[in-house]
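The numbers in the sequence shown follow the working numbering, run straight up by one, and end at 287.
By construction, the Cβ of each residue, glycine as well, lies at the ideal position given by its N, Cα and C atoms.
To keep things clear, I will list the structure first and then write my remarks on it.
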Amino acid sequence: MRDFSANHAALSINTATVRKQWTLDRIIEECAKREIRAISPWRDQVAQVGIDRVEQLLRRTGIGLSGYCRGGFFPAADTAGLKAALEDNRRAIDEARQLDAPCLVLVVGSLPGALSGKPLYHDIARARSEVRDGIAASLDYALQVGMPLAIEPLHPMQAAERACINTLEQALDLCDELDPGRTGMLGVAADLYHIWWDPKLGEQIARAGADRLLAYHVCDWLTPTRDLLNDRGMMGDGVIELKKTRSWMEDAGYAGFAEVEIFSEDWWSRPGEEVLDTCIARHKTVA
1 MRDFSANHAA
11 LSINTATVRK
21 QWTLDRIIEE
31 CAKREIRAIS
41 PWRDQVAQVG
51 IDRVEQLLRR
61 TGIGLSGYCR
71 GGFFPAADTA
81 GLKAALEDNR
91 RAIDEARQLD
101 APCLVLVVGS
111 LPGALSGKPL
121 YHDIARARSE
131 VRDGIAASLD
141 YALQVGMPLA
151 IEPLHPMQAA
161 ERACINTLEQ
171 ALDLCDELDP
181 GRTGMLGVAA
191 DLYHIWWDPK
201 LGEQIARAGA
211 DRLLAYHVCD
221 WLTPTRDLLN
231 DRGMMGDGVI
241 ELKKTRSWME
251 DAGYAGFAEV
261 EIFSEDWWSR
271 PGEEVLDTCI
281 ARHKTVA
């Protein structure tokens with residue numbers, strides 16, 4: 001397993017981690033000051049600054065991407081909604097390509113309308129079918145332009161509103177169906193907040209292999225968790241066996257960034273400088 005203690009060359013910052021402190025241009029500058037080599041930005045943050053300016057800032061600072069957030073949310077209540085989702089995913093693929101991302105992360109969606117508390121249907125099998133069809137259609141375009149897609153399974157607590165793909169096994173089943181040749185263009189984003197609990201985690205990471213392990217997100221699971229969306233822990237403050245899981249990833253051939261992604265009202269309330277400095281320190285010691 002790689003030794004992270006000497007430097008933070010393998011650290012990436014998912015820009016949601018400091019999204020309430022700074023705009024994306026400031027995040028890039030602050031990461032550059034700390035010699036953080038990679039980020040994973042969100043589309044709304046890119047749009048706020050302007051994609052051309054973000055591209056220029058990345059080029060000037062030498063910062064690369066570990067992923068681009070996000071595509072997905074494929075299910076819809078009608079044909080027009082399904083078409084709109086595919087068009088939005090095509091735009092996301094184009095943005096990821098412009099910024100030279102190694103992959104577009106897919107949060108696949110589930111029951112349409114559930115995020116606002118008014119699901120338009122309750123058939124989760126239908127949602128999973130629409131997810132399958134949406135990934136297949138998006139993969140066709142992704143193959144044309146050379147942008148890998150990374151399916152991110154989300155914790156079952158978010159199965160109704162954000163993602164009806166909830167385990168690495170489910171995600172890899174889709175990969176095997178839609179990309180049987182293992183082209184490297186369809187894989188998974190392994191976010192420990194969502195999958196740490198899975199009794200099959202080790203075997204599914206091994207099953208994925210290097211060509212399917214496209215992204216790796218780290219944080220921690222606090223006990224008790226006060227909010228199921230915005231109370232992620234800083235690495236080392238919770239119960240996830242971080243180094244054990246990274247050893248599984250690296251044994252399977254993963255050699256990419258350990259991307260810190262923390263949605264947390266606690267950490268968002270702190271100065272951004274403190275958050276980034278803590279990310280670096282914890283990356284070296286516990287990640």
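Taking contact to mean at least 3 C-beta pairs separated by less than 8 Å, is the stretch 221 to 230 in contact with the stretch 69 to 83?
They do not touch, by the three-pair rule.
Whole angstroms is fine: what's the gap from Tyr-121's alpha carbon to Leu-111's?
Spanning the two alpha carbons is a distance of roughly 6 Å.
Return helix, strand or coil for Arg-70, following the three-state DSSP convention.
Three-state result, Arg-70: strand.
Given that a residue counts as buried once 16 or more other Cβ atoms are within 10 Å of its Cβ, and exposed if not, what is Val-188?
Result: buried.
I need the DSSP call for Val-145, collapsed to helix, strand or coil.
DSSP places Val-145 in helix when its eight states are reduced to three.
Identify the residues that DSSP records as bridge partners of Asp-191: which are they?
Per DSSP, His-217.
Could you tell me if Ser-5 is buried or exposed, where buried requires 16 or more neighbouring beta carbons within 10 angstroms of its beta carbon?
Result: exposed.
Where Ile-290 sits in the DSSP three-state scheme:
The structure shown does not extend to residue 290, since the chain is modelled only from 1 through 287, so no value can be given for it.
Element boundaries [beta strand (DSSP E), containing Glu-259]
According to the DSSP assignment, Glu-259 belongs to the beta strand (DSSP E) that extends over 258 to 260.
At a threshold of 8 Å, does Phe-4 count as lining the ligand ZN (C-beta to nearest heavy atom)?
With respect to the ligand ZN, the structure offers nothing, as it holds no ligand at all.
So which of Val-260, Gly-233 and Glu-177 has the shortest CA-CA distance to Ala-215?
With distances taken between Cα atoms, Ala-215 lies closest to Val-260.
Could you tell me whether the stretch 148 to 166 touches the stretch 96 to 110, using the rule of 3 or more Cβ pairs below 8 Å?
The stretch 148 to 166 makes contact with the stretch 96 to 110: 3 or more CB pairs, one atom from each, lie closer than 8 Å.
For Ile-36 and Val-18, what's the separation of their Cα atoms in angstroms?
Computed Cα separation, rounded: 14 Å.
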